[in-house]
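Colleague:
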Amino acid sequence: AQKVTQAQTEISVVEKEDVTLDCVYETRDTTYYLFWYKQPPSGELVFLIRRNSFDEQNEISGRYSWNFQKSTSSFNFTITASQVVDSAVYFCALSEAWGTYKYIFGTGTRLKVLA
Amino acid sequence: DGGITQSPKYLFRKEGQNVTLSCEQNLNHDAMYWYRQDPGQGLRLIYYSQIVNDFQKGDIAEGYSVSREKKESFPLTVTSAQKNPTAFYLCASSELRGQVTDEQFFGPGTRLTVL
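In order, the protein sequences belong to chains A and B. First residue of the first sequence? That's 8 in the working numbering, and the numbers climb one at a time after it. First residue of the second sequence? That's 8 in the working numbering, and the numbers climb one at a time after it.
1. Give me whichever residues DSSP pairs with residue 11/A in a beta bridge.
2. For residue 51/B and residue 119/A, what's the separation of their Cα atoms in angstroms?
3. With 8 Å as the C-beta to C-beta threshold (strictly closer), list the residues of the region 74 to 106 of chain B near chain A in chain order.
4. Sort 92/B, 71/B, 66/B by Cα distance to residue 120/B and report the nearest one.
5. Using a Cβ-Cβ distance cut-off of 7 Å, determine whether residue 50/A contacts chain B.
6. Got a sec, what are the start and stop residues for the beta strand (DSSP E) residue 63/B sits in?
7. Quick check on the DSSP output: the beta strand (DSSP E) that includes residue 91/B runs from which residue to which?
8. Could you tell me whether the region 50 to 65 of chain B touches the region 9 to 17 of chain B, where touching means 3 or more Cβ pairs closer than 8 Å?
9. Out of 89/A, 73/A, 78/A, 64/A, which one is the CA nearest neighbour of residue 99/A?
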């Protein structure tokens, strides 16, 4: 069965600190996709990144970076020099590569960045 | 602008009443999804549809119904059979591209409260 675990329920940091959000997944599929979404207070989920299981390259986008390690079944998300606008709930999700295209979401990590 | 609209933003319902949540997309996506979000939990899939006039149950379909008469529309009805309908409901859509799982785009959500 597929499962996504985000063990950190809530994290608080002071502005300009770096912060890493953990995501651990379980799947029997060899081909799958991983996603990160941001949910600001407005409620709408905003897509951040998609990664397929064959691409273990780390990715950097501005202050955001992602570390994908199949050996530990983890897809962690780091925000460098955090800002107040980064305050949100962040969700990690897993999807099989074909068929139903269903997502399995983690329970989310609430990030509070304090000024 | 392309996107997903959901209406209403807030909805109040008396116990025993059915209520319909609207979801419209102009992204020309084939697939559409309905999720339920409860406080402190991840998103759970209610129903999804990959083609007009066809839809499948997700993980928590009991007490809900949907229709897909048009590609751009996927309304969700919360029936009186749903035991605990108070929640935040999110609609999403995505492309379907064979063995590629595309990112899902989300609407702003409808917050349903049962009085």
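Even for Gly, the Cβ is constructed at its ideal location relative to N, Cα and C. Predicted model only: the values in this text are computed from it and were never measured.
Modeller: Result, derived from the coordinates:
1. Residue 11/A is bridged to 32/A.
2. 24 Å
3. 95, 97, 99, 101, 103, 105, 106
4. 92/B
5. yes
6. 61 to 64
7. DSSP places residue 91/B outside any beta strand (DSSP E), giving it a letter other than H or E.
8. no
9. 73/A
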